[in-house]
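Colleague: Pasting in a structure now, in structure tokens, and then I'll have a few things to ask.
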Amino acid sequence: MFLLTGGNGQLGTELRHLLDEKGLSYVSTDAQELDITDADKTMAYITDLKPEVIFHCAAYTAVDKAEDEGKELDEKINVDGTRNVALAAKAVNAKLIYISTDYVFDGKKENEEYQVDDATNPLNEYGRTKLLGEQAVQELLEDYYIIRTSWVFGVYGHNFVYTMQRLAQTHDRLTVVNDQFGRPTWTRTLAEFMVYVIEQQVPYGVYHLSNENSCSWYEFAKEILKDEAVEVAPVTSAEYPQKATRPQYSVMSLKKTEDLGFEIPTWQEALEQMLQASEKLNK
């Protein structure tokens, strides 16, 4: 039986739908049902449930807020919460799947893809706490999968795709940064890989999972809005300042994941399928 933390979030919701399709048994929790920042309650809940696998999707993901007003909560959820879940997983011998981020890297590799064992050096608070979460998992467990992902979008929840579509309804012209590069990730592809590592019993360790091909945020926005009557113009990061510094080139190598035999669609294909699914859902 599987346990999901953050089961009502963007990724958690996608994962629940996939598990339902596969007829797999799971318990889904959100912050009300399982407060992962409370060590005693987390241990009690998980030792009572005794799941074989924990999909740890709960996270603090407000990247800019984490720089100041959200800093304490960011650390409580991403570091303390992850440690609490890992300790409970250890107590019941559960496999743990922890979702991490490309923001553990500083993006200064001069257009070279990041390998799973490359040196980490987060530039922002969110990346720092997700890296500390990785380290807690690695220190406490042997049966774990750390899956780093990036630029996540999906049918459920808030994301860049929906933001661009919403802005296109009220603006004739949008400006989007064209000097930050990464790989967009469809939640469906990520959820499928999370289940794949369990079903195929692949070797434990760190993996990267995003969709194939890379792009800038500007190129991503252009593709999202290609059928809309709105101009999308490129700007530099300096022209669009944000509280949290983003890595300029955080394209992660997918080779280790592809070597497992897992097929990864391009982000363009994934985006098209996501938009079709979204349209169908909202009819």
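Residue numbers (full-length UniProt numbering): 1 to 283. Even glycine gets a Cβ: it sits at the ideal position worked out from N, Cα and C.
1) Need the endpoints of the beta strand (DSSP E) that residue 155 sits in, please.
2) Rounding to the nearest angstrom, what Cα-Cα distance links residue 227 and residue 45 in this structure?
3) Using CA atoms only, rank isn't needed, just tell me which of 113, 80 and 119 is closest to residue 137.
4) Let me know if residue 95 comes out buried or exposed under the rule of 16 or more other beta-carbons within 10 Å of its beta-carbon.
5) Please give the ranges of any alpha helix (DSSP H) in the stretch 211-236, keeping only runs that are unbroken, at least 4 residues long and fully inside the region.
6) Please determine, among 147, 27 and 122, the residue with the shortest C-alpha to C-alpha distance to residue 202.
7) Give me the residue from 150, 31, 214 and 23 with the minimum Cα distance to residue 4.
8) Can you list the beta strand (DSSP E) stretches of 3 or more residues lying completely in the stretch 82-169, in chain order?
9) Tell me whether the stretch 240-247 and the stretch 63-80 touch, counting them as touching only if at least three CB pairs, one residue from each stretch, are closer than 8 Å.
10) Flag this pair as yes or no: are the beta carbons of residue 252 and residue 153 separated by less than 9 Å?
11) Would you list the one or two residues that DSSP bridges to residue 205?
12) In chain order, what residues of the same chain lie with their CB nearer than 8 Å to the CB of residue 57, ignoring the 5 residues before and after it?
13) Is DSSP giving residue 17 helix, strand or coil here?
14) Specify whether the stretch 255-274 and the stretch 120-139 touch according to this definition: at least 3 beta carbon pairs, one from each stretch, less than 8 Å apart.
15) Determine the DSSP secondary structure at residue 274, reduced to helix, strand or coil.
16) Does the beta-carbon of residue 219 have 16 or more other beta-carbons within 10 angstroms, so that it is buried, or is it exposed?
17) According to the neighbour-count rule (16 or more other Cβ atoms, all chains shown, within 10 Å of its Cβ), is residue 124 buried or exposed?
18) Tell me whether the beta-carbon of residue 111 lies closer than 9 Å to the beta-carbon of residue 181.
19) Could you spell out the range, first to last residue, of the beta strand (DSSP E) harbouring residue 49?
20) What does a CB cutoff of less than 6 Å around residue 260 pick up in its chain, not counting 5 residues either side in sequence?
21) Look at the alpha carbon of residue 258 and the alpha carbon of residue 199, and state the distance between them as a whole number of angstroms.
22) Spell out the partners DSSP gives residue 186 in its beta bridges.
23) By the three-class DSSP mapping on this structure, what secondary structure does residue 193 have?
24) Look up residue 53 in the DSSP assignment and give the residues it is bridged to.
Modeller: Taking the definition as stated:
1) Careful: residue 155 lies outside any beta strand (DSSP E) and carries neither H nor E.
2) 48 Å
3) 80
4) buried
5) 217-224
6) 147
7) 31
8) 95-101 and 144-149
9) yes
10) no
11) 145
12) 4, 5, 6, 7, 9, 11, 12, 15 and 99
13) helix
14) no
15) helix
16) buried
17) buried
18) yes
19) Not the beta strand (DSSP E): residue 49 falls in the alpha helix (DSSP H), residues 39-49.
20) 202
21) 16 Å
22) 153
23) helix
24) 2 and 95
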